[in-house]
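Chemist:
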Amino acid sequence: MRNSRGHGTLSATTNWAFRTFAPILLIVFLLIIFKPDASAVPSYSRQTGLPCASCHFAPPELNAFGRKFKLDGYVFTTKPEVTDEKKGHNAALQLLEAFPLSVLFDTSFTSTKAPQPGTQNGNFLFPQDAALFLAGAWSSHVGSFVQVTYDSQADHFSWDNTDIRYANNHELFGKALSYGITLNNNPTVEDLWNSTPAWGFPFTSSNVAPTPSAAALINGVLALDVAGVGGYAMWNEHLYIAGALYRSEHIGAAQPFDGVGFPINIRGVAPYWRVAWQTVSKNNSLEVGTYGIHVKSTPNAVVGLEDSYTDWAADFQYDRIIPQWKNDVLSFRGTYIRENSSLAATFAAGGAAFPRHHLNTVQGNAEYHFGTRLSGTVGLFHTDGTPDPLLFPQAAITGSANGDPRSSGYILNLSWWPVQNIDLAAQYTGYERFNGLQTNYDGAGRNASGNNSIYLLARFIF
Amino acid sequence: MCIAILGVSSFLRAQNDAEKIYKTNCVLCHAADGSGNSPSGKALGAEDLRSEVVQKKTDAELAEAIAQGKGKMPAFGKKLKPEDITKLVAYIRALPKGK
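Going down the list, the protein sequences come from chains S and B.
Per numbering that gives the first Met the number 0, the first sequence starts with residue 0, numbered consecutively.
Per numbering that gives the first Met the number 0, the second sequence starts with residue 0, numbered consecutively.
1) In this structure, does DSSP put A42/B in helix, strand or coil?
2) Run through chain S and tell me which residues come within less than 8 Å of L146/B, C-beta to C-beta.
3) Any Cβ of chain B within less than 7 Å of the Cβ of G135/S?
4) Shorter than 7 Å from the beta carbon of A313/S to some beta carbon of chain B?
5) Which residues, in order along the stretch 36-64 of chain B, keep a beta-carbon less than 7 Å from a beta-carbon of chain S?
6) Can at least three beta-carbon pairs, one atom from the stretch 260-280 of chain S and one from the stretch 229-245 of chain S, be found at a separation below 8 Å?
7) Measure the C-alpha to C-alpha separation of H155/S and Y454/S and round it to an integer number of angstroms.
8) At least one CB of chain B closer than 7 Å to the CB of E189/S: is that the case?
9) Tell me which residues share the same chain as E286/S and place their Cβ nearer than 6 Å to its Cβ, disregarding the 5 neighbours each side in the sequence.
10) Can you tell me the Cα-Cα spacing of I421/S and L95/S, whole angstroms?
11) Given a cut-off of 7 Å on the beta-carbon distance, is the pair N218/S and T360/S in contact?
12) Can you give the beta carbon distance from K127/S to N235/S, rounded, assuming they're within the 8 Å contact cut?
13) Report the three-state DSSP secondary structure of W234/S (helix, strand or coil).
14) Output the residue ranges of the alpha helix (DSSP H) runs that lie fully inside the stretch 40-64 of chain S and measure 4 residues or longer, sorted by chain position.
15) Could you work out which residues of chain B lie near D71/S, taking near to mean beta carbons separated by less than 9 Å?
16) Of all the beta strand (DSSP E) runs that stay within the bounds of the stretch 152-230 of chain S, which reach a length of 3 or more residues?
17) Could you give the distance in angstroms between the alpha-carbon of E82/B and the alpha-carbon of K325/S?
18) If I follow the unbroken beta strand (DSSP E) through V328/S, where does it start and stop?
19) Beta-carbon separation of H140/S and N183/S under 7 Å?
20) Nearest to N412/S by alpha carbon, out of S194/S, Y367/S and Y308/S?
21) Three or more beta-carbon pairs under 8 Å between the stretch 60-78 of chain B and the stretch 41-48 of chain S, yes or no?
22) With distances taken Cα to Cα, identify the nearest neighbour of G267/S among A232/S, A252/S and G227/S.
23) For R458/S, collect the residues of the same chain with a Cβ closer than 6 Å to its Cβ; drop the 5 residues on either side in sequence, then sort them by chain order.
24) Taking A175/S as the query, report the chain B residues whose CB atoms sit under 9 Å from its CB, ordered along the chain.
25) Measure the alpha-carbon distance for S44/S versus R332/S and round it to whole angstroms.
26) Using 7 Å as the limit for Cβ to Cβ distance, is P78/B near chain S?
27) Determine the contact status of K78/S and G449/S, defining contact as a CB-CB distance below 7 Å.
28) Spatial neighbours of Q426/S within its chain, please: C-beta separation below 6 Å, excluding the five flanking residues on both sides.
29) Which residues share a DSSP beta bridge with V141/S?
30) Taking K71/B as the query, report the chain S residues whose CB atoms sit under 7 Å from its CB, ordered along the chain.
31) For a contact meaning CB atoms closer than 7 Å, what does T82/S contact in chain B?
32) DSSP has T360/S in a bridge; who is on the other side?
33) Would you mind working out which of R405/S, N62/S and D403/S sits nearest D318/S, comparing C-alpha positions?
34) Establish whether the CB of F331/S and some CB of chain B are separated by less than 7 Å.
35) Residues in the same chain with beta-carbon distance under 6 Å from G363/S, minus the five sequence neighbours each way, listed in chain order, please.
36) Buried or exposed: which applies to H169/S, given that a residue is buried once 16 or more other Cβ atoms fall within 10 Å of its Cβ?
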């Protein structure tokens, strides 16, 4: 019996080791086989003639140059253009000779500490995602970041993050003014920093491991499910102001939609705001700001009682370049989001025990970039709010036994960029509390730590 | 008189062209005044075009740097025509006057 158990333990260990290291070996093998030519870089790089590291500390983290490139509408180029010669530099036509297309391929492996009941643990997604980007200049003042992504779990391509913008530069009160108009589908995707949700840490994550059920609307809930138009301006290279108005769009739903099956159907328009102040010197860059959104929604309908949400957020980002250490970069980022909600419609439908709720979200991380090839990040996250057993009901794995949205934990990430367009990342997510409790959080015997996960990613973008 | 007006007009047009080329291609890093004192210029360590180091270079050296690129600066030789680069060099020469 003991021997048998011992053999079983050895077998389990061998099995775990195989499951953990086999994907790593496969990724290394793929890297060797598919190692791209050094010139195989994405479309912004092809357009500007600059390496990825000119705009990024490590993608998608923008440095000051990258922020300015985005601010200017993704149009800066050093490459030949098709122009209307008759108009000289006010040409009626300015087209890139090279079509600004890029390709992304993500493959990943995820293992949670405890398997999700009745399912395989240690899952290899090949691919996790594959994406096409239309990213570059469309004309002299219009450019884009448009992403269409194949999701292997949904087994189809779907529209992903999109930011199409017009940009220009003038002077206001004797100081430089960069301004523009943005059409986008994700509040904060227009933003220039990595402290706000759309481009915030973690920059990549598993879509297999369970995640906490409570999230503020601006913290990714509305992403890709809305369409908005807005404006932005950076004055004197210090003050950034942006605003946008969003409507629900529900990609994949028959149009005009009736709202059934969608928890958020924006009534009227949802205003989004963003104000940030930055200061940049040769080796230091600091940003502090605020952002938020106000949403009125009719869940599962387009008429009737409304839920109301107001998200207020503050954020900061500090990047320190260390010349003494070969220009390594130390970054600190953080955000706090306060969501106040009045869920009249959800309460009337029996989905909440009472109308008024709030949700607090705190996220912070510190990252050290060893040159442009290696970076290590430590991130902390915490969410708490109004307990409500109807709003956060009990359910195996995803639910809460006590109706409390409180979750907290940490993320450790190590990314290695052997070349600037390949990312090999290892990430560990640990939970101290998940959906309200440390132990038996779902009422079905699962502990918060059971969702601790190891995530390995190989990203190729060219 | 007419020749003088045409001459001045031609000079102003050339200056105007050079300014547009500079604003389109150079301001991103070198700033409107050529100082490189913009956030993006600081990020890439752009040179102060008004400095003695830059102004000491010959026209041919400046044109080559623009066309071929130098350090972190990308090459503009495939985008800009030789006559545009010549105008740009002249514009850079005029920058210290506004210092």
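Each residue gets a CB set at the ideal place from its N, CA and C atoms; glycine is no exception.
No experiment lies behind these values; they were computed from the predicted model shown.
Modeler: So, from the data block:
1) As a first step, residue 42/B must be located in the second sequence, where it is residue number 43. It is helical.
2) With chain B represented from 0 up to 98, any question about residue 146/B goes unanswered, as that position is not in the structure.
3) On the first sequence, residue 135/S is found 136 positions in, with the first residue counted as 1. False, the Cβ-Cβ gap to chain B never drops below 7 Å.
4) Within the first sequence, the letter at position 314 stands for residue 313/S. No, A313/S lies away from the interface with chain B (no Cβ there is under 7 Å from its Cβ).
5) Residues of the stretch 36-64 of chain B that bring their beta carbon within less than 7 Å of a beta carbon in chain S comprise S37, P38, S39, K41, A42 and L43, in sequence order.
6) Result yes; three or more Cβ-Cβ pairs closer than 8 Å.
7) Residue mapping note: residue 155/S aligns to position 156 of the first sequence, counting from 1. Residue mapping note: residue 454/S aligns to position 455 of the first sequence, counting from 1. CA-CA distance, H155/S to Y454/S, rounds to 23 Å.
8) Here the question's residue 189/S lines up with position 190 in the first sequence. False, the Cβ-Cβ gap to chain B never drops below 7 Å.
9) By one-based count along the first sequence, residue 286/S stands at place 287. Shown here for E286/S: same chain residues with a beta carbon closer than 6 Å to its own, the five before and five after excluded, namely W192, A275, Q277 and Q316 in chain order.
10) Here residue 421/S refers to the residue found at position 422 when the first sequence is read from its first residue. Here residue 95/S refers to the residue found at position 96 when the first sequence is read from its first residue. In a straight line, the C-alpha of I421/S is about 25 Å away from that of L95/S.
11) Counting from 1 along the first sequence, the entry for residue 218/S is found at position 219. Counting from 1 along the first sequence, the entry for residue 360/S is found at position 361. Result yes, Cβ atoms of N218/S and T360/S sit closer than 7 Å.
12) If you number the first sequence from 1, residue 127/S lands on position 128. If you number the first sequence from 1, residue 235/S lands on position 236. A small correction: the amino acid at residue 127/S is Gln; Lys does not occupy that position in the sequence shown. Incorrect: roughly 42 Å between the Cβ atoms, too far for contact.
13) Looking up residue 234/S in the first sequence gives position 235. Here W234/S sits in strand by DSSP.
14) The alpha helix (DSSP H) runs lying completely inside the stretch 40-64 of chain S and spanning 4 residues or more are 42-47, given in chain order.
15) The residue labelled residue 71/S in the question sits at position 72 within the first sequence. Chain B residues near D71/S: L27.
16) You should have 155-171 and 174-183.
17) The residue given as residue 82/B occupies position 83 in the second sequence. The residue given as residue 325/S occupies position 326 in the first sequence. Approximately 39 Å, taken between the alpha carbons.
18) Working through the first sequence from its first residue, we reach residue 328/S at position 329. D327 to L342 is the span of the beta strand (DSSP E), which, as asked, contains V328/S.
19) For the purposes of this step, residue 140/S is taken as the residue at position 141 of the first sequence. For the purposes of this step, residue 183/S is taken as the residue at position 184 of the first sequence. Against a cut-off of 7 Å, the Cβ pair of N183/S and H140/S comes out as no contact.
20) Residue numbering aside, residue 412/S sits at position 413 when the first sequence is read from its first letter. Looking at the Cα atoms, Y367/S is the closest of the given residues.
21) Yes, they touch.
22) Looking up residue 267/S in the first sequence gives position 268. Here the closest residue by C-alpha is G227/S.
23) The residue you call residue 458/S lines up with position 459 of the first sequence. In the same chain as R458/S, and ignoring 5 residues on each side of it, the C-beta atoms closer than 6 Å to its own belong to D105 and D422, in chain order.
24) Taking the first sequence and counting its residues from 1, the one referred to as residue 175/S is at position 176. Result: V26, A30, A31 and S37.
25) For the purposes of this step, residue 44/S is taken as residue 45 along the first sequence, with counting starting at 1. For the purposes of this step, residue 332/S is taken as residue 333 along the first sequence, with counting starting at 1. In this model, S44/S and R332/S are separated by some 26 Å (Cα to Cα).
26) What you label residue 78/B is simply residue 79 of the second sequence in a count that begins at 1. Residue identity differs from the one stated: residue 78/B is Lys in this sequence, not Pro. It does: the Cβ of K78/B has a partner Cβ on chain S nearer than 7 Å.
27) Here residue 78/S refers to the residue found at position 79 of the first sequence. Here residue 449/S refers to the residue found at position 450 of the first sequence. In terms of Cβ geometry, K78/S and G449/S do not form a close pair [threshold 7 Å].
28) For this step, residue 426/S is matched to residue 427 along the first sequence. Close CB contacts of Q426/S within its chain, under the 6 Å cut and outside five residues either way in sequence, are with N412 and Y454 (chain order).
29) Residue 141/S sits at position 142 when you count from the first residue of the first sequence. When beta bridges are read from the DSSP output, V141/S appears opposite Y165/S.
30) Sequence index remark: in the second sequence, residue 71/B carries index 72 (1-based). The answer, in chain order, is S53.
31) One-based indexing of the first sequence puts residue 82/S at position 83. Result: empty, since nearest Cβ-Cβ is about 10 Å, beyond 7 Å.
32) As a first step, residue 360/S is located in the first sequence; it is residue number 361 there, counting from the start. Partner(s): I336/S and T382/S.
33) For the purposes of this step, residue 318/S is taken as the residue at position 319 of the first sequence. When each option's Cα is compared against that of D318/S, the closest is N62/S.
34) The residue given as residue 331/S occupies position 332 in the first sequence. So no, F331/S is outside the interface.
35) Looking up residue 363/S in the first sequence gives position 364. Within the same chain, G363/S has close Cβ partners G333 and L379.
36) If you number the first sequence from 1, residue 169/S lands on position 170. Answer is exposed; the Cβ neighbour count stays below 16.
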